[in-house]
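Q: Under UniProt numbering, the first residue of the sequence shown carries the number 1, and numbering increases by one thereafter.
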Amino acid sequence: MYIRKRVPGKDDPILVDMVVNNFQVRKEVIELILRMANEVLIVSDNNNTIVGFVSYRFRIGQMIYIDYVVLDTKHQGKGIASSVLPAFERHLMEQGIRTVLGTVDEENTDALKVFQRWGFKVQGQIGSNMVILKELDGSKSDSNQLKSVQYSSIVRKLNTAPPLRPRR
Numbered sequence: 001m002y003i004r005k006r007v008p009g010k011d012d013p014i015l016v017d018m019v020v021n022n023f024q025v026r027k028e029v030i031e032l033i034l035r036m037a038n039e040v041l042i043v044s045d046n047n048n049t050i051v052g053f054v055s056y057r058f059r060i061g062q063m064i065y066i067d068y069v070v071l072d073t074k075h076q077g078k079g080i081a082s083s084v085l086p087a088f089e090r091h092l093m094e095q096g097i098r099t100v101l102g103t104v105d106e107e108n109t110d111a112l113k114v115f116q117r118w119g120f121k122v123q124g125q126i127g128s129n130m131v132i133l134k135e136l137d138g139s140k141s142d143s144n145q146l147k148s149v150q151y152s153s154i155v156r157k158l159n160t161a162p163p164l165r166p167r168r
């Protein structure tokens with residue numbers, strides 16, 4: 001197993017079919033996720049067959065938000081995701097990413113357990129989604145991990161709040 005960067009024209013039809021057929025997601029939804037992704041990493045077996053992918057859309061400083069972690073149902077339960085996780089984390093750390101944030105539907109308890117086994121911690125809940133977070137460098141372990149995110153230089157602290165303007 002290995003990970004590689006996505007080749008949109010070549011990989012997207014396979015990724016869309018995988019998600020639509022395995023997880024009953026509308027084609028338009030997954031196409032939109034793939035178009036909006038900051039990066040999509042393909043999980044392939046040793047025969048170059050795509051068995052899954054990871055995509056993230058948002059990056060704020062050293063933090064990313066994972067949209068999708070998908071593994072074809074025929075390949076689940078074989079330790080594939082766990083075997084490529086270290087390579088994925090190394091790839092992110094090489095880009096300066098230290099914090100990974102995501103959500104898992106509260107009804108998807110199996111996925112939540114897997115993420116927790118991988119070191120993700122539940123930070124809270126938004127609607128029916130459990131917010132999970134992992135510090136890649138391992139230096140943060142307290143429950144207020146979101147406070148530790150370092151923001152890029154494009155985010156600046158305001159000394160005073162900007163004035164409010166009445167609506168016209």
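Note that the Cβ used here is the ideal one computed from N, Cα and C, for glycine as well. A quick note: this is a predicted structure, and the numbers were derived from the prediction, not measured.
How should Arg98 be labelled, buried or exposed, when 16 other C-beta atoms within 10 angstroms of its C-beta is the threshold for buried?
A: Arg98 comes out buried.
Q: So, helix, strand or coil for Glu94, using DSSP?
A: In the structure shown, Glu94 sits in a helix (DSSP, three-state: H, G or I).
Q: On the CB-based measure, 16 or more other CB atoms within 10 Å of its CB, does Arg117 come out buried or exposed?
A: Answer is exposed; the Cβ neighbour count stays below 16.
Q: For Lys5 and Val19, I'd like the C-alpha separation in whole angstroms.
A: Taking the straight line joining both Cα atoms gives about 18 Å.
Q: Under the rule that 16 or more other beta-carbon atoms within 10 Å means buried, what is Ser141, buried or exposed?
A: Low local confidence applies: a pLDDT of 40 at Ser141 is under 50, so the model's placement there is unreliable, with the coordinate-based value given in what follows. Ser141 is exposed by the Cβ-count criterion.
Q: Taking the alpha-carbon positions, what's the Gly119 to Lys134 distance?
A: Those two C-alpha atoms are separated by around 6 Å.
Q: Please report the straight-line C-alpha distance between Leu15 and Phe53, rounded to a whole angstrom.
A: About 8 Å.
Q: Compare the C-alpha of Met93 against each of Met63, Asp105, Asp17 and name the closest.
A: Closest option to Met93, Cα to Cα, is Met63.
Q: Taking the CB atoms as reference points, tell me whether Asn22 and Asp67 lie closer together than 8 Å.
A: No.
Q: Which residues mark the beginning and the end of the beta strand (DSSP E) in which Thr103 is found?
A: Looking at the DSSP string, the run of the beta strand (DSSP E) that includes Thr103 is 99 to 105.
Q: Any idea if Val69 is buried or exposed, counting beta-carbon neighbours within 10 angstroms, 16 or more meaning buried?
A: Flag for Val69 reads buried.
Q: Compute the Euclidean distance between the alpha carbons of Lys78 and Asn47, then round it to the nearest angstrom.
A: Near 16 Å, if we compare the C-alpha coordinates of Asn47 and Lys78.
Q: For Glu39, which option in Glu107, Ala81, Val131, His91 has the closest C-alpha, if you only look at C-alpha atoms?
A: If we check each option's Cα against that of Glu39, His91 comes out closest.
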